[in-house]
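Before any comments, here is the structure.
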Amino acid sequence: MPIIPQSVANTDNVNVNLPVCYALVLAPRAVATVEGGTSTYTVQLSAQPSSDVTVTVGGMGSGITVDTDSVMQGDQATLGFTTTNWNTAQTVTVAVAENASAEAVTLTHTTTSMGYTYSVSQSLRVTAIDNGAPGLVLPVAVTVAEAGSAIYMVRLAKEPAAAVTVTVHGMGSGVSVDTDGGMEGEQASLSFTTSNWQTEQPVTVSAAADADARSEEVTLTHTATGGDYGSVTAPLVVTVTEDETASLVFSPAAMTVAEAGSAIYMVQLATLPTEPVTVTVSGMGSGVSVDTDGGMQGTQTTLSFTTSNWNTGQPVIVSATADENATSEEVTLTHTAAGGEYAMVSQELAVTVADNETPGLVFSPTELTVAETGRAAYKVKLASQPTAAVTVTVSGMGGSNVSVDTDSSMDEEQTTLSFTTGNWNREQTVRVRGLDDANISSEMVTLTHSAGGGDYGSVSQEFVVTVTDDDNICENLSALNDAGTSCDLSRQGIEPLSSDSFNGLSKLRTLILDRNELSSLPEDVFADLSNLRTLRMSNNNLSSLPEDVFDGLSNLRTLRMSNNNLSSLPEDVFDGLSNLQTLILGSNELSNLPEDVFAGLSNLQTLILDENNLSSLPADVFDGLSNLQILHLWTNELSSLPEDIFADLPNLQTLSLSGNNLTCLPNIPPTVTTIDVNLPGCYTLVLSPSEVGVVEAGSTTYTVKLASQPMEAVTVTVHGMDNGVSVDTDGGMGGQQTSLSFTTSNWETEQTVTVRAADDANASPET
């Protein structure tokens with residue numbers, strides 16, 4: 001396993017599972033030292049040991065010595081590492097004596113630890129440079145990180161006879177050098193003189209990034225020319241350490257798959273391999289299976305990567321079977337690689353199977369209605385198999401008008417149900433009894449079911465029981481007449497009505513609900529009143545009506561709902577009221593009317609819509625009201641009306657339009673005898689003057705224009721010429737013309753008509 005950077009604080013999050021590689025890390029991996037001089041290198045462990053480790057340096061001799069502790073007297077040859085300082089580099093000093101007899105020695109580094117768990121060795125080559133002969137002083141080796149750089153120093157070993165140039169060769173495999181960072185481009189030579197020969201000059205070595213996970217080594221050659229250095233060369237080994245680690249890349253890094261479902265994750269290699277790599281998936285179980293090739297029959301468990309497709313993700317399909325419990329499972333899939341530097345790679349991926357069962361209770365039916373003094377029942381079972389026995393306790397009956405019993409075989413009413421891992425999906429019965437009370441309203445009781453045991457410890461669900469009242473509101477408030485045909489509930493402070501407020505009142509013909517606090521109505525509140533003739537609900541707080549609230553009232557004649565807060569009406573709210581004669585909706589907040597809201601009210605005679613907020617009306621909103629006689633639209637916000645809005649009202653007699661913003665009137669049926677505004681028609685001709693006189697054998701003119709802008713072109717034709725009177729509408733044309741043409745743009749431009757009178761023998765004027 002490679003060294004994990006210290007910046008990774010929590011290695012638990014490193015998604016790699018490789019064997020630990022115990023080794024010594026030497027930097028540099030070789031040193032060169034001039035006779036009579038010293039040099040240093042460092043040592044550290046590659047992985048954290050389980051106990052203290054001692055490193056012993058050996059192989060010294062021939063004038064080459066080492067010292068691992070400069071503070072202590074004499075040369076020391078051991079280094080101590082613990083479980084805490086294992087990755088702290090420790091320095092070793094190498095000394096070469098004058099006139100050392102050896103040119104090079106190999107130092108050995110051997111570890112000892114308790115139990116031999118950290119038993120490794122590593123060598124380092126020390127080269128002695130003769131300070132009496134021409135030579136180059138530079139490190140034997142240097143290490144540089146991929147995509148990084150490092151610096152090493154070069155000088156001459158002795159004073160040259162003349163100027164010396166040292167040229168660096170051997171760059172390649174992404175390794176480059178630069179001997180002068182101040183100059184543009186990369187330089188490869190160093191210049192020494194007889195005065196600066198012993199001054200070290202820097203060489204920067206850089207390594208380019210690549211895609212593989214292999215460390216490269218490049219040997220640089222340093223060739224000297226000039227003076228007595230003509231035959232001097234020195235090598236330097238550059239080791240490029242990789243920033244890539246052979247590993248697998250998962251996307252996503254963890255998987256969740258639904259029970260009885262499947263999902264896909266992708267696998268690819270992190271680095272370019274040296275040869276083909278095979279990845280085998282294992283660890284399937286608990287209903288989890290994988291398939292690495294959906295195109296092949298059966299389930300496959302291997303993936304194949306090459307040096308060309310190594311970074312292309314390959315899919316792995318994960319499938320999970322269904323079970324009956326409500327517990328999510330987790331399976332760890334192991335991916336073992338083989339081939340090249342991937343031979344030791346093994347990584348895991350966690351797969352969580354999200355259970356499609358959630359601990360819960362199943363009610364049948366989902367809600368219940370029981371009459372006062374009546375009985376009903378519902379059933380309960382568990383939604384999923386529990387991990388242990390479960391007890392369900394029913395509560396919420398206190399202070400209500402219901403009681404429950406979970407076991408009718410026992411003397412008293414019980415409130416608990418018991419389920420096991422074997423009978424969890426078998427329904428158990430809860431019996432509900434409605435209790436009588438003195439009020440007139442139906443009640444809704446919420447029963448709470450609290451579970452305990454196994455994985456059901458936090459489960460609590462509610463069940464709604466509606467108790468229908470067995471009394472109707474008219475009888476309870478003594479508002480019903482003896483015949484049972486009229487109920488006056490005005491000024492009773494009634495706020496809500498329930499679906500059964502008028503139970504048993506099928507003979508009712510008149511229902512008065514004026515001046516109460518009603519803000520809404522149940523959709524079926526009037527469902528049983530098929531004989532109702534009059535319904536009054538004025539002076540309440542109704543803001544809307546259910547679409548079917550009047551269904552079944554086919555015999556209704558009068559409906560009064562003035563002085564409420566109605567802002568709109570459902571389009572079909574009056575469907576079925578074919579016998580309705582009077583509809584009063586004045587003093588509400590209506591701002592618009594649906595086009596067909598009054599369709600079907602063929603017997604309607606009176607329609608009151610005054611004191612609303614109507615600003616416009618659909619053109620055919622009153623179509624079909626053939627019996628309408630009275631229509632009130634006063635005090636709204638109408639500024640115009642469609643031309644034929646009243647055309648389908650053949651029996652209209654009274655029309656009220658005052659208090660609006662009208663400046664003219666549409667076509668008014670001739671049957672209207674009472675109208676409360678005196679405005680011109682919106683669709684008339686303006687003649688100027690309104691009458692003319694002409695002498696026999698003479699002529700005169702008058703003008704014509706439209707009173708308002710038309711929606712399309714209009715032709716006006718003049719008729720009635722007789723007794724020697726003729727007209728011409730266009731003197732520029734031959735003959736006498738009798739028509740005028742107006743458009744949407746010239747409608748208010750006066751056009752001239754010329755009137756001529758012929759001479760006759762009598763002395764009487766003609767008209």
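Numbering of the sequence shown is given in this note's numbering, commencing with residue 1 and proceeding in unit increments. Note that CB positions come from ideal geometry on N, CA and C, so glycine has one too.
When burial is assigned at 16 or more other CB atoms within 10 Å of the CB, is residue i buried or exposed?
i                 : result
threonine 749     : exposed
asparagine 13     : For asparagine 13, the predicted structure reports a pLDDT of 39, less than 50, and the residue's modelled location is therefore unreliable. A value from the coordinates is still provided. The residue in question, asparagine 13, is exposed, as its Cβ has fewer than 16 Cβ neighbours within 10 Å.
isoleucine 129    : buried
methionine 296    : exposed
isoleucine 512    : buried
phenylalanine 192 : buried
proline 5         : Only weak support exists for where proline 5 lies, its pLDDT of 37 falling under 50; the coordinates are left without a value.
glycine 731       : exposed
alanine 9         : For alanine 9, the pLDDT reaches just 37, beneath the cut-off of 50, and the residue's location in the model is therefore unreliable, leaving the point undetermined.
asparagine 636    : buried
serine 7          : Confidence is the limiting factor: at serine 7 the pLDDT is only 35, short of 50, which leaves the residue's position unreliable and the question unanswerable from this model.
methionine 733    : exposed
proline 365       : exposed
proline 19        : Caution applies to proline 19, whose pLDDT of 47 falls short of 50 and renders its modelled position unreliable; the value that the coordinates give is listed next. Counting Cβ neighbours within 10 Å, proline 19 comes out exposed, since fewer than 16 surround it.
threonine 11      : Summary for threonine 11: the model assigns pLDDT 40, below 50, so the residue's position carries little reliability, and this model does not support an answer.
proline 273       : buried
valine 776        : Outside the modelled stretch of the chain, which goes from 1 to 767, sits residue 776, for which no answer is possible.
If you reduce the DSSP assignment to three classes, tell me which class residue i lands in.
i                 : result
glutamate 712     : coil
isoleucine 473    : helix
methionine 60     : coil
tyrosine 41       : strand
methionine 255    : strand
methionine 344    : coil
glycine 454       : helix
methionine 114    : helix
asparagine 721    : Reading off the sequence, residue 721 comes out as methionine, not asparagine. Coil.
methionine 487    : Methionine is not the amino acid found at residue 487; the sequence shown has cysteine there. If DSSP states are grouped into helix, strand and coil, cysteine 487 belongs with the strands.
glutamine 6       : Model confidence at glutamine 6 stands at a pLDDT of 36, short of 50, so the residue's coordinates are unreliable; what they give is reported in the following sentence. Three-state result, glutamine 6: coil.
methionine 153    : strand
proline 202       : strand
methionine 266    : strand
isoleucine 494    : coil
glutamine 48      : coil
methionine 397    : coil
glutamate 523     : coil
threonine 743     : coil
proline 19        : Residue confidence is low: proline 19 scores 47 on pLDDT, short of 50, so the model does not pin down where it sits. No coordinate-derived value is stated.
valine 142        : strand
isoleucine 668    : coil
phenylalanine 646 : coil
phenylalanine 622 : coil
alanine 77        : coil
methionine 1      : Per-residue confidence for methionine 1 stands at a pLDDT of 40, beneath the threshold of 50, marking its modelled position as unreliable; the derived number appears in the next sentence. In the structure shown, methionine 1 sits in coil (DSSP, three-state: anything other than H, G, I, E or B).
Name the one or two DSSP bridge partners that residue i has.
i              : result
arginine 426   : According to DSSP, which records beta bridges pairwise, arginine 426 is partnered with nothing at all.
arginine 375   : Arg433
arginine 509   : Note: arginine 509 sits in no beta bridge, so no partner.
leucine 655    : Leu631 and Ile675
serine 409     : Looking at the DSSP assignment, serine 409 forms no beta bridge with any residue, so it has no partner.
glutamate 216  : Val240
arginine 125   : Ala30 and Thr106
tyrosine 702   : Val753
isoleucine 317 : Ile264 and Asp291
methionine 444 : Thr466
threonine 480  : For the sequence presented, residue 480 should be read as leucine rather than threonine. Bridge partners of leucine 480: Cys487.
Using CA atoms only, rank isn't needed, just tell me which of the options is closest to residue i.
i              : options                           : result
alanine 758    : Leu740, Lys705 and Glu696         : Glu696
proline 669    : Ile645, Leu679, Thr233 and Asp676 : Ile645
leucine 585    : Leu601, Leu609, Gly576 and Asp596 : Leu609
asparagine 540 : Arg557, Pro49 and Asp514          : Asp514
aspartate 210  : Val166, Glu146 and Thr219         : Glu146
leucine 577    : Asn563, Leu569, Val140 and Ala599 : Ala599
serine 308     : Val331, Val277 and Val281         : Val277
glycine 182    : Ala389, Thr245, Glu712 and Thr204 : Thr204
asparagine 564 : Ser70, Ala162 and Ser587          : Ser587
serine 688     : Ser262, Phe250, Leu655 and Thr754 : Thr754
aspartate 497  : Val288, Ala343 and Val549         : According to the sequence as given, residue 497 is leucine; it is not aspartate. Among Val288, Ala343 and Val549, the Cα nearest to that of leucine 497 is on Val549.
alanine 23     : Ser62, Phe81 and Ser690           : Phe81
Problem - Contiguous beta strand (DSSP E) assignments of at least 3 residues, all confined to the region 541 to 592 - result: For the region 541 to 592, the full-length beta strand (DSSP E) segments reaching 3 residues or more read 558 to 560 and 582 to 584 along the chain.
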